[in-house]
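Asks:
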Amino acid sequence: VKKKASKYEKQAQPVKQTAVLGAGIMGGGIAYQSASKGTPILMKDIKDDAIELGLKEARKLFAKQVERKKLTTEQMAEKLTNIRPTLSYGDFGNVDLVVEAVVENPKVKDAVLTEVEGMVGENTILTSNTSTISINRLAQNLKRPENFCGMHFFNPVHRMPLVEVIRGEKTSDAAVAATVAYARAMGKTPIVVNDCPGFLVNRVLFPYFGGFSFLVEQGADFQHVDKVMEKFGWPMGPAYLLDVVGLDTAVHANEVMAEGFPDRMARDGKTAIQVMYDNDRLGQKNDKGFYAYE
Ligand code: NAD
């Protein structure tokens, strides 16, 4: 089936060379996905060991493709050359689109975005993979806010089909177009959304987590709720999903949404999710959340 190009894609400038800032969980996944679909990507971090981790993750994902006979070892080697690890901005002059995926800290992101803006060409599109920081707020310090928008991938990047393209007040149609086209070239399904706390997906997901938390606070067994939601047809229940997302990430995102929508999202007292976080049960990242992991 041939997909029709959206109004955005028709005006897209070509995205031939990209870069990702941050080689962490998301940066590594984004580099793999881009490389796997054939768009070269520079992967920049500030630490050598972070780059090593990002590359290791990409190699592991390619190796799985070889195991499943979807790629030959030659094809894997070829695709891996699409990822160019770097600690410097040396080659950023001919990058068409940058995905910023450094730590979720507004000050760090401001510094990194202004820094990279000075290293790229005038038409380069800058995007941020932030989950909780306002795109309009991040655009404030940029010289060319029209070239900036959100590009929000979900974890794990290679498995989650959706990408939210977040349009800020000053984002141009051309920037949205290029970002949508790049997401599509990566094999993803982009949706264009406006800037607001939680964007679109988390505005649906977090009230659901809140409903789950309330049930547990009232004495429901979380494993039972998970089983019920799986029978309902969801691929995993809310407790398991919270473990995947990370309880720290969930608490933080909920705070941001409660600040943005106090009438709808703010809660009095401690939620079950907050109690888990307070007890250092962060989910799969530290091997203990609602469930225990080896
Ligand atoms: P992470 O901590 O795994 O990785 C962050 C990386 O950024 C680290 O390797 C760090 O060394 C690097 N870094 C820090 N400062 C840098 C700089 N100045 N220049 C280049 N690299 C720098 O974090 P993550 O989970 O990959 O999250 C990255 C971003 O993606 C955040 O904005 C987060 O909100 C967003 N996000 C995360 C998830 C998730 O589930 N983890 C999902 C969607 C979006």
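Going letter by letter, the sequence shown gives residues 114 to 407 in our numbering.
Where a beta carbon is used, it is the ideal one built from N, C-alpha and C, also for glycine.
#1: Give me the Cα-Cα distance between glutamine 253 and cysteine 262, rounded to the nearest whole angstrom.
#2: Using 8 Å for Cβ pairs, my map puts valine 270 next to threonine 240. What's the rounded Cβ distance?
#3: Three-state secondary structure (DSSP) at valine 212?
#4: Looking only at C-alpha atoms, which of Phe325, Val357 and Pro310 sits nearest to proline 375?
#5: Between Lys192, Pro198 and Gln188, which lies nearest to alanine 163 when the distance is taken from Cα to Cα?
#6: With hydrogens ignored, establish whether the beta-carbon of histidine 265 is closer than 7 Å to any heavy atom of the ligand NAD.
#7: Name the one or two DSSP bridge partners that arginine 197 has.
#8: By Cβ distance below 7 Å, which residues in the same chain neighbour serine 326 in space, the five residues on each side in sequence not counted?
#9: Could you give the first and the last residue of the continuous beta strand (DSSP E) run that contains glycine 350?
#10: How many whole angstroms separate the CB atoms of leucine 395 and leucine 360, which I take to be in contact at a CB cut-off of 8 Å?
#11: How about phenylalanine 205 and valine 179: do their beta carbons lie closer than 8 Å?
#12: Residue ranges of each alpha helix (DSSP H) run of no fewer than 4 residues wholly in the stretch 241-276, ordered along the chain?
Replies: Looking at the coordinates:
#1: Counting only the Cα atoms, cysteine 262 lies some 12 Å from glutamine 253.
#2: Their Cβ separation, rounded to whole angstroms, is 14 Å, which puts valine 270 and threonine 240 out of contact at 8 Å.
#3: Reduced to three states, the DSSP call for valine 212 is strand.
#4: Ranking Phe325, Val357 and Pro310 by Cα distance to proline 375 puts Pro310 first.
#5: For the set Lys192, Pro198 and Gln188, the Cα lying nearest the Cα of alanine 163 is the one of Pro198.
#6: Yes, the beta carbon of histidine 265 sits closer than 7 Å to at least one heavy atom of the ligand NAD.
#7: By DSSP's assignment, arginine 197 forms a beta bridge with Leu155.
#8: Listed in chain order, the non-local C-beta contacts of serine 326 below 7 Å within the same chain comprise Thr384, Ala385 and Ile386, local neighbours out to five positions each way being set aside.
#9: Per DSSP, glycine 350 lies in no beta strand (DSSP E) segment and is marked neither H nor E.
#10: That pair is a contact at about 5 Å.
#11: No, the Cβ-Cβ distance between phenylalanine 205 and valine 179 is not below 8 Å.
#12: Listed in chain order, they are 248-252.
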